[in-house]
Each structure stands twice: as C-alpha cells, then as structure tokens.
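Undergrad: Just passing along the structure, written as structure tokens.
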Amino acid sequence: MVRPFAAKGKKRKKSEKYDRDDDDGESTVPAKKPTAENEPDEEPPKEDFHELEGIPIVPKDPNSDKHAGVIFVLERASLEVAKVGKNYQLLNSDDHSNFLRKNNRNPGDYRPDILHQALLAIFDSRIAKAGRLKAVYVKTEKGLLIEVKPYVRLPRTQKRFYGVMLQLLQKLSITAAGKREKLFRVIKNPVTQYLPANSRKMGFSHSSDKLVKMRNYLDAVEDDVDLVFVVGAMAHGKIETDYTDDLLAISEYPLSASCCIADICKDLAEKWNIG
13 MVRPFAAKGK KRKKSEKYDR DDDDGESTVP AKKPTAENEP DEEPPKEDFH ELEGIPIVPK
73 DPNSDKHAGV IFVLERASLE VAKVGKNYQL LNSDDHSNFL RKNNRNPGDY RPDILHQALL
133 AIFDSRIAKA GRLKAVYVKT EKGLLIEVKP YVRLPRTQKR FYGVMLQLLQ KLSITAAGKR
193 EKLFRVIKNP VTQYLPANSR KMGFSHSSDK LVKMRNYLDA VEDDVDLVFV VGAMAHGKIE
253 TDYTDDLLAI SEYPLSASCC IADICKDLAE KWNIG
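Here the sequence shown is numbered in my numbering, starting from 13 and rising by one per residue.
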C-alpha cells in the first residue's frame with residue numbers, strides 16, 4: 013500500500029512541476045497578444061484624436077476673415093504606413109529602399125519629404141504670416157483627405173514630421189499641445205465641399221499648354237475672390253482634377269512643389285501688398 017501512495021506522490025509532484033512550467037509558458041504568450049491586438053492596422057482606436065506635445069498653434073489674426081484668402085490643395089501626396097520589421101513606419105525612399113524593392117515597389121514613389129517641403133513653403137510664406145491662409149488640404153495617393161489648420165506650427169525636421177504623419181494616419185487626428193483643437197485630421201472626400209463657392213481654382217502642371225506669368229494672372233483676378241491653388245506633391249506625373257477652373261504652367265522648366273508654391277506666394281503677397 014505504501015508503494016502506490018509513493019508513486020502517486022511522485023506523479024503529483026511531477027504534474028505540479030509541469031503545471032508550474034505550463035503556467036510560466038502561458039504567461040509569456042498573452043504578453044505578446046496585446047501588442048499585436050493594439051497594432052493600428054488591426055484594431056482601430058476607439059478615439060479619433062491623439063495629443064502630441066510640441067505642436068503649438070500660432071495665434072489667429074482676428075481680421076483675416078475680412079479679406080480674401082488663399083487655400084492650398086496638395087494632391088497625390090506620398091503618405092503610406094507599413095509594418096517594417098516589428099514596427100509600423102511611414103514609408104520613405106531614404107529609410108526603406110530595401111524593403112520597398114523586396115515588395116516590388118519603386119522607392120522613388122515614396123517621397124513624403126516632398127509634402128513636408130511643400131507645407132513648409134506654405135507656412136513660411138508672408139501670406140500665412142499675414143493671416144491670409146484659410147486652409148490647407150492634402151490628398152494622398154490612396155485617396156485619403158487630410159485637413160491642416162492654417163495656424164499650425166509645422167515640425168521643421170523630416171524625422172519629426174514623419175512621426176506626426178505616422179500618428180495622424182493611425183489616430184486620424186492630431187490635437188494642439190494642451191488643447192483639444194485638432195490641427196491635423198482625416199476628413200471625408202471630396203475636397204470640393206470644403207472650398208468656398210466664390211473662389212478661383214487653379215491647378216499647376218509643367219505639362220499644361222497655358223504658360224502664364226503668375227503676377228499678371230493674379231492681377232486679373234478680383235481682390236474679393238478667394239484663391240485655391242492645387243499643386244502636386246509627388247515626384248513624377250501630373251495632377252488630374254475635375255474641379256479646377258484653369259490648369260497653368262508658370263515656368264518653362266519643371267519645378268518642385270515647394271518652388272512652385274514659393275513663387276505663387278511671392279506674387280500673391282505683392283498683389284495684396286503684404287510686406
């Protein structure tokens with residue numbers, strides 16, 4: 013009778029040991045599951061805002077609404093998020109060229125730096141500083157429409173900008189530091205529903221047959237009309253929109269988006285006598 017009890021005792025100890033090992037092994041599995049479940053592309057966030065420190069707002073000019081203003085629409089921007097290694101990242105040709113080639117993608121098509129430079133050209137302009145910038149809209153290659161408030165203080169470095177865009181695409185909006193005001197947010201298409209009815213809409217492309225001197229063209233537009241400028245934010249190709257009144261070329265040479273915007277803002281500041 014002793015032997016069976018001893019045998020049972022040994023079996024009990026071994027099973028208890030295995031139970032403890034199983035418990036330890038199981039405890040490591042759930043630790044990985046929340047990470048996978050909380051990954052942005054697999055489970056959308058319950059809230060559509062995300063507060064990001066260090067993105068302050070510039071005080072809005074109270075008299076800006078009394079004058080005609082300008083709206084920029086940046087078309088075909090390269091903003092795409094993918095899981096590279098263990099983390100989700102904003103794809104760009106500098107950091108992910110090998111990843112893009114392995115997935116049969118052209119690294120030259122992934123240039124979020126073009127959008128960053130274009131936005132800097134807008135927000136650094138005298139037009140924006142004078143409070144005449146009414147809105148900025150960004151449309152991505154995938155058709156996502158983003159609104160950027162005209163009084164945001166844009167991140168100056170590409171790394172910082174990429175981080176903001178990554179969180180925007182994951183959380184759908186970015187709020188001002190210490191406030192609930194959304195400075196970046198994903199909105200519904202089409203962009204035309206946000207454009208003023210009494211506005212002049214101009215698209216820009218080097219392939220256009222209508223080569224103009226921008227200052228002369230702007231002088232022919234009435235001073236009380238809001239101006240909408242549609243510029244491509246991609247490395248190659250041209251914009252194709254059905255809501256512009258004109259498709260213009262302002263140079264005999266292909267210009268980058270930031271250069272085109274800088275020329276537009278300079279001529280517009282002269283038209284509106286902004287020093």
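Beta carbons: idealized from backbone N, C-alpha and C, even for Gly.
#1: Does the separation of the CB atoms of K213 and Y255 fall below 8 Å?
#2: Give me the Cα-Cα distance between I251 and A147, rounded to the nearest whole angstrom.
#3: Pairs of beta-carbons, one from the stretch 207-225 and one from the stretch 170-177, closer than 8 Å: are there three or more?
#4: Go to N110, then tell me how far its alpha helix (DSSP H) extends in each direction, as first and last residue.
#5: Beta carbon of V243, beta carbon of F84: below 8 Å?
#6: Extract the residue ranges of the beta strand (DSSP E) inside the stretch 119-171, only unbroken runs of 3 or more that lie entirely within it.
#7: For the candidate residues K98, P119, A281, whose alpha-carbon lies nearest to that of E92?
#8: List the endpoints of the continuous beta strand (DSSP E) containing D258.
#9: With 16 as the cutoff for other CB atoms within 10 Å, does E87 come out buried or exposed?
#10: Can you say whether Y122 is buried or exposed, counting buried as having 16 or more other CB atoms within 10 angstroms of its CB?
#11: Residues in the same chain with beta-carbon distance under 8 Å from G249, minus the five sequence neighbours each way, listed in chain order, please.
TA: Put simply:
#1: Along the sequence shown, one-based indexing puts residue 213 at 201. Along the sequence shown, one-based indexing puts residue 255 at 243. Yes, the Cβ-Cβ distance between K213 and Y255 is below 8 Å.
#2: As a working note, residue 251 is residue 239 in the sequence shown. As a working note, residue 147 is residue 135 in the sequence shown. So the two alpha carbons sit approximately 19 Å from each other.
#3: Flag = no, the stretch 207-225 and the stretch 170-177 do not touch.
#4: Here residue 110 corresponds to residue number 98 of the sequence shown, with the count starting at 1. Residues 109-114.
#5: Position 231 of the sequence shown, counting from 1, holds the residue named residue 243. Position 72 of the sequence shown, counting from 1, holds the residue named residue 84. The beta carbons of V243 and F84 sit closer together than 8 Å.
#6: Entirely contained in the stretch 119-171, the beta strand (DSSP E) runs reaching 3 residues are, in chain order, 145-152, 157-160.
#7: Looking up residue 92 in the sequence shown gives position 80. Nearest C-alpha to E92 among K98, P119, A281: P119.
#8: Locating residue 258 in the sequence shown gives position 246, where the first residue counts as 1. In this chain, the beta strand (DSSP E) harbouring D258 covers 258-260.
#9: Along the sequence shown, read from residue 1 onward, the residue named residue 87 stands at position 75. Buried, since its Cβ has 16 or more Cβ neighbours within 10 Å.
#10: Position 110 of the sequence shown, counted from the first residue, corresponds to residue 122. Looking at its Cβ environment, which holds 16 or more other Cβ atoms inside 10 Å, Y122 is buried.
#11: For the purposes of this step, residue 249 is taken as residue 237 along the sequence shown, with counting starting at 1. Around G249, the same chain offers R88 as residues with beta carbons nearer than 8 Å, after the five sequence neighbours per side are excluded.
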